[in-house]
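Under the numbering used here, the first residue of the sequence shown carries the number 269, and numbering increases by one thereafter.
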Amino acid sequence: MTIQEAIRERHSVRRYQEKMIPSEVRAALENSVEEVNRETGLHLQLIWEEPKAFKPGVFGYGFFHGVRNYLVLAGKESEDLEEKCGYYGEKILLEAQMLGLNSCWVGLTYRKIPGTYTLDEGERLVLVAALGYGQTAGSPHRNKPLLQLADLKENDPAWYQDGVRMALLAPTAVNQQKFHIEHKGDEVTITAGNGPFSKVDLGIVRYHFEAGAGKGSFHWK
Ligand SMILES: Cc1cc2nc3c(=O)[nH]c(=O)nc-3n(C[C@H](O)[C@H](O)[C@H](O)COP(=O)(O)O)c2cc1C
């Protein structure tokens, strides 16, 4: 499966099967997380077989079901912490998709369980993402009108069209899609509007755009 195929197939999944994630799949994701942490200084952590964070209760019964595995997105407090969590978290979630797993970003509807993850001094847990074998594969989200999200014109180069196409498939908090993409020649600008977790969204959308456009075709402003 290519990254573009993974992007097309990924949808938020909130109900999971009991099926365990095999050790080789876990090991592959652990490797990716370790690499990201080494390269970026983030402190992403995979939590396996831990049902408490998504136990029915505070957030009502049935919002999430059967979540026992999740990715914790944390790192040292900095101006770009949220955007980096979005960018590198989406990289891990798309790898998970390629390994046959489903996922869902979760900013609010989970509980922080002390002892399951660690935070070093100055670090903050930004959000988590559920992982596992979904009961279904989810379904495509609605998009805002294209021209509200990007300055796409018919004669724009293929790389820009492909980048925007992949960006539209990015998950955003409450499907808010508060981003805007513009370009001048091969210089691309992406801005985040106001909204919950909109900086995390920005990182996710940036990752999707790069996957569509190809990193060598353009540069970010
Ligand atoms: C940063 C972020 C935070 C999110 N937080 C939650 C959440 O707390 N609870 C939830 O059920 N879904 C959450 N979602 C999932 C979004 O609702 C979902 O991505 C959006 O509706 C688009 O649907 P899709 O992921 O199927 O494309 C979150 C998504 C993102 C990107």
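All residues carry an ideal CB built from backbone N, CA and C; glycine is no exception.
According to the neighbour-count rule (16 or more other Cβ atoms, all chains shown, within 10 Å of its Cβ), is G357 buried or exposed?
-> With 16 or more Cβ atoms within 10 Å of its Cβ, G357 is classed as buried.
Where E286 falls: helix, strand or coil (DSSP) = Coil at E286, not helix or strand.
Extent of the continuous beta strand (DSSP E) to which A342 belongs | Bounds of the beta strand (DSSP E) holding A342 are N337 to K344.
If L414 sits next to F447, beta carbons under 8 Å apart, how far is it from one beta carbon to the other, in whole angstroms?
-> Not confirmed; about 13 Å, so no contact.
Would you grab the beta carbon distance between E345 and G390 for me? Rounded to a whole angstrom, and I think it's under 8 Å.
-> Between G390 and E345 the Cβ distance is about 6 Å, and since that is below 8 Å, they are a contact.
Span of the beta strand (DSSP E) holding N370?
-> Its beta strand (DSSP E) spans residues N370 to V374.
Which residues DSSP lists as bridging S280, in chain order | Answer by DSSP bridge pairing, in chain order: S371.
Proximity to D424 [Cα-Cα], best of A479, H451 and P319 | Among A479, H451 and P319, the Cα nearest to that of D424 belongs to H451.
Please classify K421: is it buried, with 16 or more other beta-carbons within 10 angstroms of its beta-carbon, or exposed?
-> exposed
Considering P476, what are the terminal residues of the alpha helix (DSSP H) in which it resides?
-> At residue 476 the sequence reads His, which differs from the Pro that was named. Element bounds for H476: S466 to A481.
Using the rule of at least 16 other Cβ atoms within 10 Å of the residue's Cβ for burial, across every protein chain shown, is A397 buried or exposed?
-> buried
Reduced DSSP secondary structure (H/G/I, E/B, other) of E450 = strand
Sequence-distant residues of its chain with Cβ nearer than 6 Å to S485 (five each side left out) | W427
In three-state terms, what does DSSP make of I381?
-> Residue state, collapsed to three classes: coil.
Could you work out which residue in E307, K412 and A342 is closest to K380 when comparing CA atoms only?
-> A342
Does DSSP put E298 in a helix, in a strand, or in coil?
-> Correct three-state label for E298: helix.
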